[in-house]
Amino acid sequence: MNPSVPEPRSFTLCAADGYPLQAIHYAPASEPAACLIIAGATGVAQRFYSRFAQFAAAQGIAVWTLDYRGIGLSRPASLRGFRMDYRDWARLDLAALLDHVAAQADTPVWMVGHSYGGHALGLMPGHERVQRLATFATGAGWHGWMPPLERLRVLFLWRVLGPLILRTQGYLAWSLLGMGEDLPRDVFIQWRRWCQWPSYFFEDPELPQLAGQFAQVRTPMLAINASDDKWAPPASRDAFMAAYSGAQVQTITVDPASLGIASIGHMDYFRPQAALLWQQTLDWLRQPQVSSFSADVGQMGA
Numbered sequence: 196m197n198p199s200v201p202e203p204r205s206f207t208l209c210a211a212d213g214y215p216l217q218a219i220h221y222a223p224a225s226e227p228a229a230c231l232i233i234a235g236a237t238g239v240a241q242r243f244y245s246r247f248a249q250f251a252a253a254q255g256i257a258v259w260t261l262d263y264r265g266i267g268l269s270r271p272a273s274l275r276g277f278r279m280d281y282r283d284w285a286r287l288d289l290a291a292l293l294d295h296v297a298a299q300a301d302t303p304v305w306m307v308g309h310s311y312g313g314h315a316l317g318l319m320p321g322h323e324r325v326q327r328l329a330t331f332a333t334g335a336g337w338h339g340w341m342p343p344l345e346r347l348r349v350l351f352l353w354r355v356l357g358p359l360i361l362r363t364q365g366y367l368a369w370s371l372l373g374m375g376e377d378l379p380r381d382v383f384i385q386w387r388r389w390c391q392w393p394s395y396f397f398e399d400p401e402l403p404q405l406a407g408q409f410a411q412v413r414t415p416m417l418a419i420n421a422s423d424d425k426w427a428p429p430a431s432r433d434a435f436m437a438a439y440s441g442a443q444v445q446t447i448t449v450d451p452a453s454l455g456i457a458s459i460g461h462m463d464y465f466r467p468q469a470a471l472l473w474q475q476t477l478d479w480l481r482q483p484q485v486s487s488f489s490a491d492v493g494q495m496g497a
């Protein structure tokens, strides 16, 4: 814990449907210059983002994190029989956190996303209250965007291993595979369904409204993907971020060597060795108008 900022405070937040959610507030030492919501990835508990949250709080930014329903501290006593929609994490859970933050904020409200967190803004009511979004590792989940070996591993997960675990456990026991938090049954089923299309859920015939919904977003965005991210390579990012057609979107492809590290992959954006990337991102969020991200840590995306 950084001694220059107060201890994080945990609290309970209720979504619009009454579901209790566990969140954490990282307050700066003085009046905040901005408010920042961290929207996490699928199967990643909020504690994973604590170091980034503390880093931002030490620079005068008030930060909030959240465990989505079914995940981490917001998990029910049993995931067996637990039902939800994958989109609930954005349209109910993050929406509740945005309501909480916006109600007390007289400063800009920003969001930092990780993977699903970059999908979430287009699914959230009230997205116009977010002044800027910087997102890491966001992309369409289609296996065809992945390197050949990773593509085979993911197809094995979707078609063989995942359904087997689902039948025996009643949910995707991802923790057994060392891949993160266990996932509710419905999250796995919807995720697998959407990953069969190159443009993800925008090609789902049951969700024809999503394209128009995302096109309404006007929040300026920065989408950062590592060149060695096997789950969300730059082509995957570009396929998904194109849906934010009404927003100004800047894309950055980061070479891990530019940070002086061997790899980033899908998860290491939020590990301490990427602190240079954290600083560059906060600097971009602070800009009063849309500006270019520093090219010192990466290359401009297509």
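Just so we're on the same page, our numbering is the position in the sequence shown counted from 1, plus 195. Glycine included, every Cβ here is placed at the ideal spot set by N, Cα and C.
May I ask which residues mark the beginning and end of the beta strand (DSSP E) holding residue i?
| i | result |
| --- | --- |
| THR414 | Per DSSP, THR414 belongs to no beta strand (DSSP E) and is neither H nor E. |
| PHE331 | 327-331 |
| ALA257 | 256-261 |
Rounded to a whole number of angstroms, what is the C-alpha to C-alpha distance between residue i and residue j?
| i | j | result |
| --- | --- | --- |
| LEU268 | ASP377 | 12 Å |
| GLY441 | THR363 | 44 Å |
| GLN254 | PRO451 | 25 Å |
| LEU174 | VAL325 | Past the edges of the chain, shown from 196 to 497, lies residue 174, and the structure says nothing about it. |
| TYR439 | HIS220 | 29 Å |
| MET462 | ALA421 | 10 Å |
| CYS230 | SER310 | 20 Å |
| ARG278 | ASP381 | 6 Å |
| ALA248 | ILE233 | 8 Å |
| LEU477 | ALA251 | 8 Å |
| TYR281 | ASP262 | 14 Å |
| ALA497 | TRP386 | For ALA497, the predicted structure reports a pLDDT of 31, less than 50, and the residue's modelled location is therefore unreliable. A value from the coordinates is still provided. Distance between the alpha carbons of ALA497 and TRP386: 26 Å. |
| SER394 | MET436 | 10 Å |
| ARG270 | THR207 | 13 Å |
| VAL200 | ALA272 | 33 Å |
| TRP259 | LEU350 | 35 Å |
| MET416 | LEU471 | 19 Å |
| ILE266 | ALA240 | 6 Å |
| ALA418 | ALA228 | 23 Å |
| ALA329 | LEU347 | 30 Å |
| PHE397 | PRO429 | 18 Å |
| PHE383 | GLY276 | 13 Å |
| PRO467 | SER458 | 13 Å |
| HIS295 | VAL304 | 11 Å |
| TRP473 | ARG204 | 22 Å |
| SER431 | ALA406 | 17 Å |
| GLY312 | TYR244 | 12 Å |
| LEU293 | VAL355 | 38 Å |
| THR448 | ARG413 | 22 Å |
Run through DSSP, which three-state label would residue i get?
| i | result |
| --- | --- |
| GLY238 | coil |
| VAL307 | strand |
| THR476 | helix |
| HIS220 | strand |
| TRP340 | helix |
| PRO467 | helix |
| ALA335 | coil |
| MET495 | For MET495, the predicted structure reports a pLDDT of 35, less than 50, and the residue's modelled location is therefore unreliable. The matter cannot be settled from this model. |
| LEU274 | coil |
| ALA228 | coil |
| ALA457 | coil |
What is the residue span of the alpha helix (DSSP H) that residue i lies within?
| i | result |
| --- | --- |
| ALA251 | 245-252 |
| GLN445 | Per DSSP, GLN445 belongs to no alpha helix (DSSP H); it is in the beta strand (DSSP E), 444-449. |
| ILE360 | 357-364 |
| ARG204 | Premise fails: ARG204 lies in the beta strand (DSSP E), 204-209, not in any alpha helix (DSSP H). |
| VAL200 | Segment: none, VAL200 is in no alpha helix (DSSP H) and carries neither H nor E. |
| HIS295 | 290-299 |
| ALA434 | 429-436 |
| ALA410 | 405-410 |
With distance defined between alpha-carbon atoms, name the residue in the options nearest to residue i.
| i | options | result |
| --- | --- | --- |
| TYR464 | ALA272, TRP369, ALA236 | ALA236 |
| VAL444 | THR333, LEU344, GLY321, PRO403 | THR333 |
| ALA434 | ILE256, CYS390, PHE383 | CYS390 |
| ASP288 | TRP392, ALA218, ALA418 | ALA218 |
| GLU401 | ARG388, ARG413, GLN411 | ARG388 |
| TRP353 | HIS338, GLY312, LEU480, GLY365 | HIS338 |
| ALA469 | LEU274, SER370, THR302, SER453 | SER453 |
| TRP340 | GLN411, LYS425, HIS322 | LYS425 |
| ASP212 | ARG264, ILE256, PRO223 | ARG264 |
| PRO223 | ARG242, GLU202, LEU216, ALA457 | GLU202 |
| ALA297 | HIS314, GLN475, GLU323, TRP284 | GLU323 |
| GLY460 | GLY308, PRO303, ARG327, PHE331 | PHE331 |
| ALA300 | ILE447, ALA290, ALA257, LEU216 | ALA257 |
| LEU316 | THR448, GLN408, PRO483 | GLN408 |
| GLU226 | THR302, ALA285, ARG246 | THR302 |
| LEU480 | ARG327, ILE360, ILE447 | ARG327 |
Let me see if you follow: with CB-CB separation under 8 Å, is residue i close to chain B or not?
| i | result |
| --- | --- |
| PRO428 | Note that chain B does not occur in the displayed structure, where there is just one protein chain. |
Can you list the alpha helix (DSSP H) stretches of 4 or more residues lying completely in the stretch 367-401, in chain order?
Residue ranges of uninterrupted alpha helix (DSSP H) with 4 or more members, entirely inside the stretch 367-401 and ordered along the chain, are 380-389.
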